[in-house]
Structures are given as C-alpha cells and as structure tokens.
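Shown next, in structure tokens, is the structure this report addresses.
Number of protein chains: 2
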Amino acid sequence: MPSALKTDVTPTMSDKTTLTDAVHQLLRRAIIEQALKPGMRLPEDTVGEQFGVSRTIVRHALVRLENEGLVVTRRNRGAFVAEPSLEEAKHVFEVRRALEAEVIRLLVERMPRSGYDQLEAHVRSEESVKGKDGPVSIRLAGEFHILLAELTGNHVLARYVSEIVLRCSLIMAMYAKSHSSDCAVDEHSQIIAAIRDGDTRRATSLMDHHLGAVAGRAELEPKQDSVSSILSRYGKELAS
Amino acid sequence: MPSALKTDVTPTMSDKTTLTDAVHQLLRRAIIEQALKPGMRLPEDTVGEQFGVSRTIVRHALVRLENEGLVVTRRNRGAFVAEPSLEEAKHVFEVRRALEAEVIRLLVERMPRSGYDQLEAHVRSEESVKGKDGPVSIRLAGEFHILLAELTGNHVLARYVSEIVLRCSLIMAMYAKSHSSDCAVDEHSQIIAAIRDGDTRRATSLMDHHLGAVAGRAELEPKQDSVSSILSRYGKELAS
DNA sequence: CTAACGTCAATTGGATACAATCCCCTTGCC
DNA sequence: GGCAAGGGGATTGTATCCAATTGACGTTAG
C-alpha cells in the first residue's frame, strides 16, 4: 500500500464534511491518480485501518464509488478497483460525447460572465504542468471538462459529466500508453474559442475530435505493464 | 404509513440479491408510485422496522437513493424524499433530452433484431392500462424509455437514462396535475416508427416534443394538493 | 408578553461484535 | 497424476451498542 494513502482523515473532522465524504474523495483521488491500480482489492478493514476509521465508513464510501463505476463489488468477495472492459470504455465515451455536446450547446447559449476567465486560467494552469505528464496533468485535463460542465449552471449535468470524466480517467490510466496532453491543452483552447464565437457546430466537432482522439489512443494499445491486470482481464472473459 | 409498505422482505433472502438491494428497490418504487410523498421523512429505524431489517440496511439503501437523487439527507436530521425545485427539474429534463437524443442516434444505427417486438409489446401493455392513470401507468411510461436505452446495448447509457427517468417520475409526481398519458402512448408509437424509418431527425424531434410537453405540463402548474409540500418548498427557498 | 437560554428527548453518526458466505488449500480417492 | 470433496481462513453481511449533534420544549429574566 502506497505511503501516500497513510494520511489521517480526522484533523478537521466536523468541518461540515462527514467522514464518509472524506474517505470517498481520498479513495477517488487515489484511484484516478493510479495509486490504486485497476483490479486491486480494497478490503474494508485494511482501508479503514489505513485511514483510521471503521469499516462502516469505508463501506459507505465504497457504495458510492460503486455507483460511480470506479469500483466493482462481488458478493462476499469484496470491492475491487474497476477494470473497465474495452466495450465498457466505448460505452462510457459514447455517453461522454453526448453529455459534453449538451454542455457546449448550453454554454453557447448561456455562458456566465466570468466563465471565460475561469477557463483561461485553468488552461494556463494546465500549460504550466505540460511537461511533466503525471497524475496531476491527468487530473487537470479532467477538471477542465468538469469546469465546463459547471459553467452551464446545470448541477445535474455537471454531476454526470464529473462522474463520466472520472471514469474516463480510469480508462485512460488502464489503456493509454502515455497521456501526452500536449495537444489536449491546445484543443481545450480551441474549444473555448469556438464557444466564444458562438459556433456550436465547430465547438462540438472539436470536442468530438478531442474525445475521439483520446478514445482512439486508448483503444489502440492496452497498457501492458501489469501482468496481474492483463491476467485478471482474461480471467474475467473466461468467467463470463 | 401506507400498509402497502408492510411487506416482509426476507422470503427469498439469499436469492443472489442482498437485503440492501431489496430495501433499495422497494423504497424506490414506493417513492415513484407516490406511496412516499416528496418531503416525507424517512427515519431509519421506522423504515427498518417496517421492513423487518436493521437500521444498517436502511442506511445503505438511503445512501444509494441519495446518490440517485431521489432522497436528500441533512446532517444529523435524517433522510427525506427529495423535493426537486423547479430549477432542478429543468436541469434534469435538459440532461434527459440530451441522453435520449443519444439513445435515438444509437438505435437508428444499431437496433437489435428483437428490439421492435419488445417495444411494441411494451406499448401494448401501456395501452392496456391507458384508462386508469395510476402509479402503474407512470411506471410503465418511464419503463418505455428505459427499455429504449437498454436496447442500445450501452449499459452505461441505460443506467443514466434509468436514473434520470426515475427522477423525472418524481418530478412529475410533484408538479404535474394529471399524468394524462393518453398522448404519451401515441407518441411512443410514433417514436418507434421514426426510428424504424431511420429518420434520426424526426425521432429526435418527436422525443424532444414528447419530453418538452411533459416538462411543459409540469412547469405550468405545481401540484397543490398537499399543504405541507407547498410549505416546505417555500421553507426551502427561505432557508437558502 | 417576548425573547433568550438551558435542558431533554429523538435521531443519526460511527464502532464493534457476531454470523454467514465464499475462496483456496489440503487431502483422499480414483 | 488428476480430480473431487471437505475443512480452514479470511472477508463481507448484518445486528446491536455507544456517542454526538440537533431540534423542541419549557423556563426564566427583562
């Protein structure tokens, strides 16, 4: 277990956020940043003792993560970090394209005043970590899309986009060789420009291309650094 | 508490479905069918004792329902059946339109062989309960859309549509005067026909109109049969 | 009579204890 | 040597128990 997870959760316990929320977010970040790799087991008491909380809390957090599609639980077997199949990955990207098309439609229609400032600030922060393609750049790339969704003012939409983006991050972590967000940042800027021009078609097309490129890169070469990951994936096919 | 909820949950307890699942689904149906009205409190031990299970189970079920947006929980106050505001209702319908547009796109592209048979069978069952517009017709109307989504083969999409449709059912229960699914059944048939013709544009337009009509009906007149519901809604506005 | 304060009951937040289930490994048999 | 059945260990599923927070009521002072 990576030492990064050994942080204690209780310093600001009653800061309006419940313990479950804290564990939930920590686990989520750990999964997205690949501290917890796909297929890895998540025993309730192990996790709980790492965070200094009881199984009850971990359980609740795992339920949420399962609803988000980031972990799967098998009856009396426990929770595992999800290993999306290529088919599921395709499905996730299909939904994502639909949702983000709606985001663009809405933003062209009603982008808030400070929207472009926030977006450009975000792009700048993306550029600042452009070189070192680590977990941070993955997270920032995702947060750009989440920010877009939030700017629509539609919290329901923002929530779904957020979920989907996280799942995509997990998928990219599994399948993409290198995240190479070099072009992504440029594409983000172009999308902003298209929205500013009120050109829904171009913006949507750019977004489709953006996501399509990402998905395409992913499908081309399953990441093969982890033997257990590969084996368990084969094992899953066998079991079905 | 309605006696319909007094069913025991444990007859086929270990039938591959956990107690939490059972309670979750039962509560969900109770909410959708308006046995549990918006704003109603859901004390853990009361519910648990009604179903003959412990608070722990109810708790897990409530967590899931909260994730689905059907209940809201306030810190140390407990769980309540959600009372979506008009704004939130609008957001939900926006997302729904986007998702269902994608469903149609995909179905025109790849409707499975037995798809039309299933759809027509469903429409027939909708027509059979056309007169008595009760909870059943609400449920069936929703299940039509869920069936559409499932026929895409995209389980991720189907899941989101399912969630959204359930939320819409709750919204309709709150705001719509009468569900009057008279035209809805016709519209369902027309949508099927448009998909069969491969006419994406017409099918999408029909669907938009279908949902738009539903949303429009909803927004025109908030349901005013329950004083407590109205008051609590006003109270919520006050609290913000 | 009103408003603020203190106490109390009710309910959830969380932890621990017990039971059921499943996987895996061993062992015996073919 | 391989396969099947049984047992042990580990992990989840569920229930009960204690603590913390909140809302409400009653009391009291102004």
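Sequences listed follow chains A and B, in order. With my numbering, the residue at position 4 of the first sequence is 4, and numbering never jumps. With my numbering, the residue at position 178 of the second sequence is 418, and numbering never jumps. Backbone N, C-alpha and C fix where the C-beta goes; we use that ideal spot for every residue, glycine too.
Integer-rounded CB distance, given that residue j should sit under 8 Å from residue i
i, j, result
"H122 (chain A)", "L157 (chain A)", "About 18 Å; that fails the 8 Å criterion."
"V263 (chain B)", "A319 (chain B)", "No, V263 (chain B) and A319 (chain B) are not in contact; Cβ-Cβ is about 12 Å, not under 8 Å."
"R345 (chain B)", "T440 (chain B)", "6 Å"
"A184 (chain A)", "A338 (chain B)", "A184 (chain A) to A338 (chain B), Cβ: 23 Å. No contact."
"E340 (chain B)", "V401 (chain B)", "7 Å"
"I138 (chain A)", "S169 (chain A)", "6 Å"
"Y116 (chain A)", "I192 (chain A)", "7 Å"
"L107 (chain A)", "I32 (chain A)", "With a Cβ gap of about 25 Å, L107 (chain A) and I32 (chain A) do not count as contacting."
"N307 (chain B)", "N76 (chain A)", "About 23 Å separates the two Cβ atoms, so there is no contact after all."
"A89 (chain A)", "Y175 (chain A)", "7 Å"
Of the residues the options, the one placed nearest residue i, counting alpha carbons only
i, options, result
"G452 (chain B)", "B:A301, B:R379 and B:V332", "B:V332"
"A30 (chain A)", "A:V81, A:T20, A:E87 and A:R77", "A:V81"
"K37 (chain A)", "A:D117, A:E83 and A:R196", "A:E83"
"V129 (chain A)", "A:Q118, A:A141 and A:E120", "A:A141"
"V95 (chain A)", "B:E342, B:V293 and B:R336", "B:E342"
"E150 (chain A)", "A:E127, A:M174, A:V136 and A:R110", "A:R110"
"A413 (chain B)", "B:R399, B:L446, B:M447 and B:V376", "B:V376"
"R28 (chain A)", "A:H145, A:L166 and A:S114", "A:L166"
"E367 (chain B)", "B:E427, B:D261, B:S294 and B:L266", "B:E427"
"D261 (chain B)", "B:H395, B:Y415 and B:L305", "B:L305"
"S354 (chain B)", "B:S365, B:G393, B:E327 and B:L326", "B:G393"
"E87 (chain A)", "B:I411, B:H395 and B:Q358", "B:H395"
"I411 (chain B)", "B:S325, B:E383, B:L359 and B:L446", "B:S325"
"F384 (chain B)", "B:G288, B:M447 and B:R442", "B:M447"
Sheet register partners of residue i (DSSP bridge)
i, result
"V312 (chain B)", "B:F320"
"R41 (chain A)", "A:F80"
Whole alpha helix (DSSP H) runs in the region 104 to 178 of chain A with 4 or more residues, listed along the chain? 115 to 128, 135 to 151 and 155 to 175
Contact between the region 68 to 87 of chain A and the region 34 to 48 of chain A (3+ Cβ pairs under 8 Å): yes
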